[in-house]
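Following: one structure in structure tokens, then a few remarks.
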Amino acid sequence: MAKTNDPKRNERGVTPQSEDFSAWYNELVLKAELADRGPVRGTMIMRPYGYRIWELVQAELDQRIKATGHENAYFPLFIPEGHLRREADHVEGFAPELAVVTHAGGKELEEPLVVRPTSETVIGEAFARWIDSYRDLPMLMNQWANVVRWELRTRLFLRTTEFLWQEGHTAHATADEAAEEVLVAAGFYEEIVRDCAAISSVIGDKTPSERFAGAERTVTLEAMMRDGRALQAGTSHGLGTNFAKAFDITYTSVEGVEEFCHTTSWGMSTRLIGGIIMAHGDDRGLVLPPRLAPFQVVIVPIGRGDDLGPVTEAAKKLALELTAVGVRVKVDDRPQMSPGFKFNEWELRGAPVRLELGPRDLSSGSVTLAGRLAEAKEQVALDEVVSTMPSRLDAYHDLLLERSTSFRLAHTRSVTSWEELVEAVSTGFAVAFHCGREVCEDRIKEETTATPRCIPLDGPEASGACAVCGEPSAYGKQIIFARAY
Ligand SMILES: [Zn+2]
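In this text, residue positions in the sequence shown follow the numbering used here: the first is 21, and each later residue adds one.
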């Protein structure tokens, strides 16, 4: 096919990653038609192709949330400003990012309303009314919603003033049960990131300075992007009794004693889509993991004149057969576009498999298969392509996950000195002992822009000297520093 001669190719192509990763990302999001900018600075329009990825994430996550006994509910967008002030750390953490409504219905409001940046406060207030005795516990709830955080520097999917997410909120009788819940929720995110998004990540605790505002513990998943930076893919917070005390979430125990509940909250958002783009994409465009790809297979019928009818018909029949075995398929039969244009477009849009069906394929009872990452095309019999497609897609998932894992390991270095740390965070993750003092974190932040990402849950117990100051390490193990999105 006339790939390089296609006049649209340059127009559709993106800046290579190696030249300017950030330009590559911004151009790709727009050209692959994942999202567009909204009329208010920092807002995002999710276009159908991008929104479909989110729907697939939602379906996978929602199923896991419900299977573990959580129920979906919906809480209001507006929160009285006073509610937010009840938890001191919480309001301090969110104050700079709040959007506040002062006027409504043509007059100034007596109490300003905050557009939710997260819903601990409004849900906490409701839980306080709904929970009475130990019989009401645990209370396990989740909501799918939009939230607003007024960001100064915004980027599509990664940091937008309004974004979509789910937020789980639970209340428990004991600290142990709440601690277990934090890990159950982190487990959902681990599965979504690994088993659906095919991204390798590190699960660990946030250091105190990086925890959620008002949390006692924050468990995070830190994934590595192809420029070596970290992306927080999901977080789960143990809130202790902080919110219970602020909102009076209490229960009467079996012994008849009034006790505070232990609460948790956890969230995963549309920024995961930014992570999928940056963890897998290459110079030719998106590389979508098959379990979250809107179209796992795109069929391009090729033919002119009298040939086109039978070829298109065969393509549609093949699509039905693939759909019947659970594959998401699109037949790209747009008559005004050349096959070469379509090949480039579906490469750019990251479809895992492209099937080309021309008159010659048809007469030999086969189809030409082009994998998004494969070097060469294959000729596959039509009946075989249907029966083997689910396992081909699984193998492609495994390949992406393996690639992501080896990339992360190749860009992770254990360091003991300042020089090594600076070097390691310029290309990936630095694993280092840290004294836990803010002065050392600040120096790293100022000179390299890297931050503590997490204390890996499975990191070996060890102690040593802080890579920055040489003082004894805190946390009982090495921690990860990286530049992050
Ligand atoms: Zn130090």
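Idealized CB from N, CA, C, for every residue including glycine.
All of these numbers come straight from a predicted model, not from anything done at the bench.
Report the partner residues of residue i according to the DSSP bridge assignment.
{"i": "residue 159", "result": "191"}
{"i": "residue 221", "result": "243"}
{"i": "residue 56", "result": "65"}
{"i": "residue 504", "result": "250"}
{"i": "residue 186", "result": "164, 288"}
{"i": "residue 492", "result": "485"}
{"i": "residue 309", "result": "DSSP, once it has assigned bridges, lists no residue as partnering residue 309."}
{"i": "residue 175", "result": "179"}
{"i": "residue 474", "result": "500"}
{"i": "residue 302", "result": "305"}
{"i": "residue 5", "result": "Here the chain covers residues 21 to 505 and nothing more, so residue 5 does not appear."}
Using only the alpha-carbon positions, how far apart do residue i and residue j sit?
{"i": "residue 303", "j": "residue 249", "result": "18 Å"}
{"i": "residue 349", "j": "residue 462", "result": "50 Å"}
{"i": "residue 484", "j": "residue 243", "result": "26 Å"}
{"i": "residue 136", "j": "residue 98", "result": "6 Å"}
{"i": "residue 345", "j": "residue 402", "result": "14 Å"}
{"i": "residue 254", "j": "residue 351", "result": "34 Å"}
{"i": "residue 258", "j": "residue 111", "result": "17 Å"}
{"i": "residue 447", "j": "residue 431", "result": "6 Å"}
{"i": "residue 262", "j": "residue 119", "result": "24 Å"}
{"i": "residue 281", "j": "residue 407", "result": "52 Å"}
{"i": "residue 500", "j": "residue 180", "result": "26 Å"}
{"i": "residue 365", "j": "residue 52", "result": "8 Å"}
{"i": "residue 502", "j": "residue 89", "result": "36 Å"}
{"i": "residue 209", "j": "residue 69", "result": "22 Å"}
{"i": "residue 318", "j": "residue 384", "result": "20 Å"}
{"i": "residue 412", "j": "residue 50", "result": "29 Å"}
{"i": "residue 326", "j": "residue 371", "result": "29 Å"}
{"i": "residue 214", "j": "residue 131", "result": "45 Å"}
{"i": "residue 24", "j": "residue 33", "result": "Bear in mind that the predicted position of residue 24 carries a pLDDT of just 44, short of 50, making it too unreliable to give a figure here."}
{"i": "residue 169", "j": "residue 368", "result": "31 Å"}
{"i": "residue 182", "j": "residue 202", "result": "25 Å"}
{"i": "residue 295", "j": "residue 78", "result": "16 Å"}
{"i": "residue 143", "j": "residue 321", "result": "52 Å"}
{"i": "residue 30", "j": "residue 41", "result": "Here the model assigns residue 30 a pLDDT of 46, short of 50, so the residue's position is not dependable and the matter cannot be decided."}
{"i": "residue 504", "j": "residue 356", "result": "43 Å"}
{"i": "residue 104", "j": "residue 267", "result": "10 Å"}
{"i": "residue 490", "j": "residue 237", "result": "26 Å"}
{"i": "residue 256", "j": "residue 494", "result": "22 Å"}
{"i": "residue 405", "j": "residue 389", "result": "9 Å"}
{"i": "residue 204", "j": "residue 286", "result": "10 Å"}
{"i": "residue 279", "j": "residue 227", "result": "29 Å"}
{"i": "residue 409", "j": "residue 185", "result": "32 Å"}
{"i": "residue 288", "j": "residue 147", "result": "22 Å"}
{"i": "residue 468", "j": "residue 442", "result": "7 Å"}
For ligand 1, I want to know if residue i counts as a neighbour, meaning its beta carbon is within less than 8 Å of at least one of the ligand's heavy atoms.
{"i": "residue 301", "result": "no"}
{"i": "residue 103", "result": "no"}
{"i": "residue 454", "result": "yes"}
{"i": "residue 496", "result": "no"}
{"i": "residue 484", "result": "no"}
{"i": "residue 466", "result": "no"}
{"i": "residue 459", "result": "yes"}
{"i": "residue 439", "result": "no"}
{"i": "residue 488", "result": "yes"}
{"i": "residue 230", "result": "no"}
{"i": "residue 236", "result": "no"}
{"i": "residue 91", "result": "no"}
{"i": "residue 75", "result": "no"}
{"i": "residue 200", "result": "no"}
{"i": "residue 491", "result": "yes"}
Contact between the stretch 227-240 and the stretch 152-164 is defined here as three or more beta-carbon pairs at a separation below 8 Å; is this criterion met?
Because the criterion of three Cβ pairs below 8 Å is not met, the stretch 227-240 and the stretch 152-164 do not touch.
Do three or more CB pairs link the stretch 213-220 to the stretch 415-428 at distances below 8 Å?
The stretch 213-220, when compared against the stretch 415-428, does touch it at the 8 Å Cβ threshold.
Unbroken stretches of the beta strand (DSSP E), 3 residues or longer, contained in the stretch 366-429
With a minimum length of 3 residues, the continuous beta strand (DSSP E) runs that stay inside the stretch 366-429 are 373-377, 386-391, 398-401.
Please confirm if the stretch 185-195 is in contact with the stretch 394-412, defined as three or more CB-CB distances below 8 Å between the two stretches.
Not touching, per the Cβ criterion.
Would you call the stretch 448-457 and the stretch 335-343 touching, i.e. three or more CB-CB distances under 8 Å?
Per the Cβ contact rule, the stretch 448-457 is not in contact with the stretch 335-343 (fewer than 3 Cβ pairs under 8 Å).
Can you list the beta strand (DSSP E) stretches of 3 or more residues lying completely in the stretch 227-289, in chain order?
Segments of the beta strand (DSSP E) lying fully in the stretch 227-289: 237-244, 250-258, 270-272, 278-280, 282-289.
Within 8 Å, do at least three Cβ pairs link the stretch 84-99 to the stretch 318-333?
Touching, no, given that fewer than three Cβ pairs across the two stretches are closer than 8 Å.
At what residue ranges does the stretch 85-166 contain a whole run of the alpha helix (DSSP H), taking only runs of 4 or more?
101-105, 108-114, 140-150, all fully within the stretch 85-166.
Counting beta carbon pairs with one atom in the stretch 53-62 and one in the stretch 122-130, are three or more of them shorter than 8 Å?
Flag = no, the stretch 122-130 and the stretch 53-62 do not touch.
Could you name each continuous alpha helix (DSSP H) segment of 4 residues or more that falls completely within the stretch 432-460, going from the start of the chain to the end?
DSSP runs (the alpha helix (DSSP H)) wholly in the stretch 432-460: 438-447.
Whole beta strand (DSSP E) runs in the stretch 308-348 with 3 or more residues, listed along the chain?
The stretch 308-348 contains these whole beta strand (DSSP E) runs: 317-321.
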